[in-house]
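Participant:
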Amino acid sequence: MAIAAMAVMVVTLTIILLSLVVNTTLSGTIKQITDKIDVSVYLKDSVTVKQRQEFTQRLEALPNVSSTRYLSKEEALEAYRQENVNNPELLKAINQTDNPLPATIRVKPKDLNKVQDIQQFLNQTDNKELQSEEPSYSGDRKEAIDKISHAANVLQRVGIAGIALFAIISVLIIFNTIQMAIFNRRDEISIMRLLGANTWYIRGPFVVESIIYGIVSGLISVLLIKSLFIASSGTLEASSLGLLDISYAQHYFNDHFWILLLAQVGIGVVIGAGSSIVATRRYLKFKTPKK
Amino acid sequence: MLDRVTKVYGKSSTPALDRISLHVEPKEFVIVVGQSGAGKSTLLKLLTREERQTSGKIIIGGIDYDKLKDKNIPLLRRKIGVVFQDFKLLPNRTVFENVAFALEIVGMSSHEIKHTVPKVLDIVNLKGKENSMPRELSGGERQRVAIARAIVRQPKILIADEPTGNLDPKHAWDVIAVLEKINRFGTTVLLTTHNQEIVNKLKRRVVTIDHGKIASDRAHASYKL
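Protein chains in written order, with this note's numbering: chain A, 1 to 291; chain B, 292 to 516.
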């Protein structure tokens, strides 16, 4: 009983923990990408400070605007230089003329899926007059933003569904394992019952036993993942598998180590206690009157 | 104690017990006899509330079984000592532990248990067997362990379901002697058996059950099959 139930519980808890880490990593990576995405509004050189401030205020009043940041022409140039440090050709082109870059307001949307209302606002004629060119979400970039945020949503949902599914399956398997163990001791239970033992007197040891398995399994699962990271950091050296940034996952895991450990042990305890209580119930039932 | 108690198993048309009425006085020694399948075991199972009567009333020691809540069934069982035909000892525990278990259930301190159990093992002549496992004992010894376990809580009533059924005559008499001893100490004993010799020698009240009905109920009776 001990080995079988614990093996199943360790596998389950490891899978749950792994999917949790993977899911957080995915959404973390996606967040990192989407955080870098903003709508750049390019202002005409002729816009006055007052006009700009008023425009910014109205922009920030939009429900879907999370924040704005103003870059003067000089700052925009500086930012451009930094972004293209590795591209001396482009830097050279900029340096040769005087600053061609417009002053820019970078608008961070709250929800990437609802950039349209910002778009609408920017397209109003009096707002349009302030802008030197089309804002930068348009065209290919808008499409990219859409795709990424859509993917983020889907991945998150798949992740949650996956965790739920694993949890349910494992609870069923563990329940079954514990029930088998109790089935083997049903004679003992019925003798105790006939001698007048309380429900919890009989059930207690089973529940405690299962809870201990839950705790141990939780510890083992966390250690498994921990050693997985140690092993992978040796061979993969902070590389990433597509959207799955291993160093991010490792950071997340190490930063939340104690919470994750507690959560795993907690889940183990709940699964162990729950399934042993349910599994013992049928052997502890008294005959009810036949109506 | 029992008033027109009927027990029907499942959807069977013939009841296992049919309107049985039985009154047993405190400290009485009653032998219930009858063929296999006559309803003896059913009667005892009703008393321990392993089964529930289909109709009729059961009152033991002032407890009305109809009003007994599930969570109080353990309390009822602690007041009744039961000796089963198949002993029902816990196989992985020693003689001492098996008897002590009955006391652990009711929350007795281990100090008191250490004090009480040897006394009871003495009554059933099992001194020196404390650390034996049930499988190392003979049938008669196991049955006496079961009796020790049943009486260690000093129940007012002792129910013994064919305690001699699996035993050879010598051991059977050992067991019966113990039951008589317990009865002399003031415990009501309800014994089922189909051992004619025991019934005749005991000269106690005999209740005969046949086809779920009480066929006869006589004091100091002898019994013929």
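Glycine residues also receive a C-beta, built at the ideal position from the N, C-alpha and C atoms.
Remember, it's a predicted structure, so these values are computed and weren't measured experimentally.
#1: Looking only at DSSP bridge pairs, what is Thr68 of chain A linked to?
#2: With a cut-off of 8 Å, does the C-beta of Phe476 of chain B fall near any C-beta of chain A?
#3: Tell me whether the beta-carbon of Val374 of chain B lies closer than 8 Å to the beta-carbon of Asp452 of chain B.
#4: Indicate the three-state DSSP secondary structure (helix, strand or coil) for Leu381 of chain B in the structure shown.
#5: Count the other CB atoms, across all protein chains shown, that sit within 10 Å of the CB of Leu165 of chain A; report buried if there are 16 or more and exposed otherwise.
#6: Scan the stretch 357 to 373 of chain B for residues whose Cβ lies nearer than 9 Å to a Cβ of chain A and list them as they occur along the chain.
#7: Which residue from B:Lys318, B:Glu319 and B:Gln376 puts its Cα closest to that of Leu335 of chain B?
#8: Contact defined as beta carbons within less than 8 Å: I believe Ile215 of chain A pairs with Val265 of chain A. What is the distance between those atoms, to the nearest angstrom?
#9: Going by C-alpha distance, which of B:Pro446, B:Val390, B:Leu366 and B:Gly503 is nearest Leu481 of chain B?
#10: Examine the Cβ distances between the stretch 477 to 493 of chain B and the stretch 502 to 510 of chain B and report whether three or more of them are shorter than 8 Å.
#11: Taking 8 Å as the threshold (C-beta atoms), are Gln156 of chain A and Asn64 of chain A in contact?
#12: If you draw a straight line from the C-alpha of Ser138 of chain A to the C-alpha of Gln250 of chain A, how long is it?
#13: May I ask you to report which of helix, strand or coil DSSP gives Leu481 of chain B?
#14: Pull up the CB-CB distance for Val222 of chain A and Leu260 of chain A, whole angstroms please, since I reckon it's below 8 Å.
#15: Taking only beta-carbon positions, decide if Ile196 of chain A is within less than 8 Å of chain B.
#16: Determine the DSSP secondary structure at Gly272 of chain A, reduced to helix, strand or coil.
#17: Determine the direct distance from the alpha carbon of Pro205 of chain A to that of Ser66 of chain A, and round the result to whole angstroms.
#18: Name the residue from B:Gly328, B:Lys318 and B:Gly398 whose alpha carbon lies nearest to the alpha carbon of Arg475 of chain B.
#19: Quick one, are the C-beta atoms of Leu20 of chain A and Ile163 of chain A less than 8 Å apart?
#20: Give me the chain B residues within the contact set of Tyr201 of chain A, using Cβ-Cβ distance strictly less than 7 Å, ordered along the chain.
#21: By the 10 Å Cβ neighbour count, where 16 or more other Cβ atoms means buried, how is Gln53 of chain A classified, buried or exposed?
#22: Is Thr14 of chain A helix, strand or coil when you go by DSSP?
#23: Could you have a look at Lys290 of chain A and say whether DSSP puts it in helix, strand or coil?
#24: Hey, is Phe206 of chain A's beta-carbon within less than 8 Å of any beta-carbon in chain C?
#25: Given Gly431 of chain B, which residues of its chain have a CB within under 7 Å of its CB, disregarding the five upstream and five downstream residues?
#26: Opposite Gln131 of chain A in the DSSP bridges: which residues?
#27: With a cut-off of 8 Å, do at least 3 Cβ pairs link the stretch 426 to 442 of chain B to the stretch 406 to 417 of chain B?
#28: For Ser227 of chain A versus Ile178 of chain A, is the C-beta spacing smaller than 8 Å?
#29: Is the beta carbon of Val443 of chain B less than 8 Å from the beta carbon of Val390 of chain B?
#30: Quick one: give me the first and last residue of the alpha helix (DSSP H) that Arg435 of chain B is part of.
#31: Are Ile450 of chain B and Ile351 of chain B close, meaning C-beta to C-beta below 8 Å?
#32: Does Ile189 of chain A have its Cβ less than 8 Å from a Cβ in chain B?
#33: Name the DSSP beta bridge partners of Gly372 of chain B, please?
#34: For Gly218 of chain A, count the other beta carbons within 10 Å of its own beta carbon; 16 or more makes it buried, fewer makes it exposed. Which is it?
#35: Using a beta-carbon distance below 8 Å, is Lys348 of chain B in contact with chain A?
#36: List, in order along the chain, the chain B residues whose C-beta lies closer than 7 Å to that of Phe229 of chain A?
Facilitator: Working from what's here:
#1: A:Val107
#2: no
#3: yes
#4: coil
#5: exposed
#6: Asp357, Asp361, Lys362, Ile364, Pro365, Leu366, Leu367, Arg368, Arg369, Lys370, Ile371 and Val373
#7: B:Gln376
#8: 5 Å
#9: B:Pro446
#10: no
#11: no
#12: Note that Ser138 of chain A scores 46 on pLDDT, short of 50, meaning its location in the model is unreliable and no value can be drawn from it.
#13: strand
#14: 6 Å
#15: The sequence given here has Gly at residue 196 of chain A, not Ile. Gly196 of chain A counts as touching chain B.
#16: helix
#17: 55 Å
#18: B:Lys318
#19: yes
#20: Ile396
#21: exposed
#22: helix
#23: Its pLDDT being 44, under 50, Lys290 of chain A is placed unreliably in this model, and the value from its coordinates should be taken loosely. In this structure, Lys290 of chain A counts as coil in the three-state DSSP scheme.
#24: The displayed structure is made up of protein chains A and B, and chain C is not among them.
#25: Leu458, His462, Asp465 and Val466
#26: A:Leu43
#27: yes
#28: no
#29: yes
#30: Gly430 to Ile442
#31: no
#32: no
#33: B:Leu449
#34: buried
#35: no
#36: Ordered by position in chain B, no residue passes the 7 Å Cβ test against Phe229 of chain A, which lies about 43 Å from the chain.
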